[in-house]
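Report on the following structure.
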Amino acid sequence: MTWPWPRSCGRDMSDKCRVGIGFDVHALSPGRPLVLGGVEIPFHLGLAGWSDADVLTHAVIDALLGAAALGDIGSHFPPGEPEYKDISSLILLEKTGRKLAENGWQVGNIDATVVAERPRLADFIDPMRRRLGQALGIETDRVSVKATTADKLGFTGRGEGIAAHAVAMIEEKE
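Under this note's numbering, the first residue of the sequence shown is numbered 491, with each subsequent residue one higher.
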């Protein structure tokens with residue numbers, strides 16, 4: 491029988507590979523650009539937040555930090571700190587990638603889902619994948635981004651905000 495995990499993870503994943511999950515949500519707000527996965531999306535509302543409020547990138551950061559047991563985005567990049575005001579979340583993702591490397595980890599893959607009733611995101615998925623991969627120094631085929639609606643249910647369904655979920659696998663650096 492072939493073992494289903496990547497070879498570098500071995501049978502005991504705890505010593506070679508780890509998995510983390512991330513979630514983020516921000517309210518939609520006028521007067522701000524809408525940035526998801528480092529891509530500016532043409533829309534009349536943006537996301538409210540201290541940085542660029544990129545929920546997709548924030549969820550990815552939390553998934554990566556969680557997998558490495560290194561805390562969360564707020565512990566590394568606290569809101570209210572002047573250096574992070576309106577910062578591109580891709581810069582925070584790059585810093586997170588370096589933090590992983592310093593602790594002996596490399597990114598295996600990312601799988602993320604954006605939950606937004608509107609705007610439609612299909613045309614922006616590939617650019618989001620590329621930007622996230624570039625920020626982490628990994629191939630685009632290791633980054634999956636999907637978009638879905640909430641079928642008009644809850645705050646995302648009413649168009650009050652956008653949410654994102656992410657799962658990340660990290661591997662011990664070789």
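From the three backbone atoms N, C-alpha and C, an ideal C-beta is built for every residue, glycine too.
Predicted, not measured: the structure shown is a model, and the values here were computed from it.
Nonlocal neighbours in the same chain, by C-beta distance under 7 angstroms from residue i, ignoring five residues either side
{"i": "residue 491", "result": "For residue 491, the pLDDT reaches just 42, beneath the cut-off of 50, and the residue's location in the model is therefore unreliable, leaving the point undetermined."}
{"i": "residue 645", "result": "651"}
{"i": "residue 621", "result": "527, 528, 529 and 580"}
{"i": "residue 615", "result": "635 and 637"}
{"i": "residue 626", "result": "583, 587 and 597"}
Bridge partner(s) assigned by DSSP for residue i
{"i": "residue 513", "result": "655"}
{"i": "residue 636", "result": "603"}
{"i": "residue 518", "result": "537"}
{"i": "residue 597", "result": "660"}
{"i": "residue 526", "result": "529"}
Candidates the options, of which the one nearest residue i by Cα
{"i": "residue 541", "options": "551, 531, 556 and 576", "result": "576"}
{"i": "residue 584", "options": "550, 648 and 632", "result": "550"}
{"i": "residue 649", "options": "526, 609, 582 and 512", "result": "609"}
{"i": "residue 632", "options": "552, 661 and 526", "result": "661"}
{"i": "residue 561", "options": "536, 629, 512 and 573", "result": "512"}
{"i": "residue 639", "options": "548, 611 and 625", "result": "611"}
{"i": "residue 521", "options": "510, 533 and 514", "result": "533"}
{"i": "residue 523", "options": "566, 568 and 578", "result": "578"}
{"i": "residue 559", "options": "664, 568 and 593", "result": "593"}
Nearest-angstrom Cβ-Cβ length linking residue i and residue j, presumed shorter than 8 angstroms
{"i": "residue 604", "j": "residue 654", "result": "5 angstroms"}
{"i": "residue 555", "j": "residue 527", "result": "In fact, because the Cβ distance is near 18 angstroms, the residues do not count as touching under 8 angstroms."}
{"i": "residue 535", "j": "residue 543", "result": "Incorrect: roughly 11 angstroms between the Cβ atoms, too far for contact."}
Contact set for residue i: own chain, Cβ-Cβ below 6 angstroms, skip 5 residues either direction
{"i": "residue 539", "result": "516"}
{"i": "residue 563", "result": "548, 551 and 552"}
{"i": "residue 591", "result": "none"}
{"i": "residue 599", "result": "632 and 659"}
{"i": "residue 525", "result": "542 and 544"}
Chain D contact for residue i (CB, 8 angstroms cutoff)
{"i": "residue 566", "result": "Here chain D cannot be found, since the structure has a single protein chain."}
Inter-residue Cα distance where the pair is residue i and residue j
{"i": "residue 613", "j": "residue 531", "result": "10 angstroms"}
{"i": "residue 619", "j": "residue 574", "result": "23 angstroms"}
{"i": "residue 601", "j": "residue 572", "result": "31 angstroms"}
{"i": "residue 628", "j": "residue 643", "result": "35 angstroms"}
{"i": "residue 566", "j": "residue 624", "result": "21 angstroms"}
{"i": "residue 630", "j": "residue 519", "result": "30 angstroms"}
{"i": "residue 617", "j": "residue 589", "result": "24 angstroms"}
{"i": "residue 514", "j": "residue 656", "result": "9 angstroms"}
{"i": "residue 570", "j": "residue 664", "result": "37 angstroms"}
Other residues of its chain near residue i: CB distance less than 8 angstroms, five sequence neighbours each side excluded
{"i": "residue 557", "result": "508, 509, 510, 595, 658, 659 and 660"}
{"i": "residue 647", "result": "607, 639, 640 and 641"}
{"i": "residue 568", "result": "574"}
Closer than 7 angstroms: residue i CB and nearest the ligand GDP heavy atom
{"i": "residue 563", "result": "Ligands are entirely absent from the displayed structure, and the ligand GDP is therefore not among its contents."}
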